[in-house]
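Report on the following structure.
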Amino acid sequence: MADNRLYEVLGVTRNASDAELKKAYRKLAKEFHPDKNPTAGDKFKEISFAYETLSNPEKREVYDRHGLEGLKEGGGGGGFGNGGMFEDLFSGFFGFPGMSGMGGSRSRRRGEDTVHPLRVSLEDLYNGKTSKLQLSKTVVCKKCQGLGGKSGASQRCKKCNGRGVQVQLRQIGPGMVQQLQSICSECHGEGFPAQDVQHLQTHVIAELPTHKLRKEINKVVNKYIDQGIAELVPGVLFVDEVHMLDIECFTYLHRALESTIAPIVIFATNRGKCVIKGTEDIVAPHGMPLDLLDRILIIRTLPYSQEEMAQILKIRAQTENIQVDDESLTLLAALGVKSTLRYAIQVLTPANIMSRINGKDGVTKEEVEEVSDMFFDAKSSAKILAEQEDKYMK
């Protein structure tokens, strides 16, 4: 009996012309395209396979004479241009186990991917970083040749009969059977499960993880300290802008503070509450987790005087190669006392640009006053926004 399944897929007769095939294919492809009909992906592949076969004169001749079995065996045909795609279609839609006879050797089964999670910080993403990964691989034991036991001790897996995969057939439509393959859950794809577990374990190469190695080093160091051979000198870790840290950094600091070689940690932060970076709603004083906050000693520092701010601004101007007279420094320092030192420093650069526009060699009092009138500090901006909320926020 002639095989008409591909013609039935396209809804045409056996003697349909090339124009009729193309017309039928375009109509069905438009109807079952995944973009228009997301649940019809398999149907679209089936339609594409049928048209690919019947639109090729050589393949159509083979199919008309020998059916799908003839295409599978590659009789008289030149093979398919996309073997991987149509091999899946053969095995999935038409119940054939594979296309090993269709011009070309049988592809080797691909092994499972190895996923190694690697956490990197935002700084590393920007600057780039080379990390060493500690990976392990499975090697064939020379004594048991990978069988996991003595000669003759290993038998074929009863669940997959030594093939390493389990095959299931599922009917997806009238006269259509889909074949599914999965790695055997009994032998994990090996085909020959190990019989002598004790023998197998003696040939497993165990690697020492980095954190275990760190513990061993700490034991030796602590032993030397107790014997008086070594001396522990704690370091000083200075952390600026503590509210910019994320949860991972605080976790590291917790581990460091629990160690006998814990450093002295100094945080530089402003008073107040802020949301901890890496979270959405965790608010803590100074931007620190509460369990770390109760372990620190807060050292109160005195605010800068106007003379000290003037000296800092003078050094900053020299660093940026900006000429500033004494009267301008005094005015900038007064702005710093009234607002913040950061605001006074931020006024310095646009004031220098303004002085160049005015044809001057350095910053004068006029440029400082003009820029300070143009740009508000954070406190003034927040006050204006609160007073005119209806105007700026909707």
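Residue numbers (the UniProt record's numbering): 1 to 394.
A virtual CB, placed ideally from N, CA and C, is assigned to each residue, including glycine.
Remember, it's a predicted structure, so these values are computed and weren't measured experimentally.
Nearest C-alpha to E307 among A284, I298, I296, L335: L335. Assigned with DSSP and collapsed to three states, S182 falls in strand. According to the DSSP secondary-structure assignment, P285 is paired through a beta bridge with K273. Annotation for P350: the continuous alpha helix (DSSP H) segment containing it runs 341-357. Distance from Q166 to C184 at the Cβ level is roughly 5 Å; contact confirmed, criterion being Cβ atoms closer than 8 Å. Residue L331 holds the alpha-carbon nearest to the alpha-carbon of K365 among V9, L331, D373. Between the beta-carbon of S55 and that of D18 there is about 7 Å, and that keeps the pair under the 8 Å contact cut. Counting every other CB atom within 10 Å of its CB across the protein chains shown gives Y7 a total of 16 or more, marking it as buried. Secondary structure at Q311: helix, using DSSP grouped into helix, strand and coil.
Per DSSP, the unbroken alpha helix (DSSP H) holding S380 starts and ends at 378-387.
Per DSSP, the continuous alpha helix (DSSP H) segment holding K338 begins and ends at 326-338. Within a 10 Å sphere around the beta-carbon of K59 sit 16 or more other beta-carbons, which makes this residue buried.
Annotation for A29: the continuous alpha helix (DSSP H) segment containing it runs 18-32. In this structure, DSSP gives V12 a state outside helix and strand, which the three-state scheme calls coil. Secondary structure of Q168 (DSSP, three-state): strand. In the DSSP assignment, Y51 falls within the unbroken alpha helix (DSSP H) covering 41-54.
Boundaries cannot be given for V363, as no alpha helix (DSSP H) includes it and DSSP labels it neither H nor E. Around the beta carbon of K379, a 10 Å sphere encloses fewer than 16 other beta carbons of the protein chains shown; the residue is thus reported as exposed. Residue state for R300 is assigned as coil, using DSSP reduced to three classes. The beta carbons of S328 and V368 sit closer together than 8 Å.
Sequence-distant Cβ neighbours of I357 in its own chain, meaning closer than 6 Å and more than five residues away, do not exist here.
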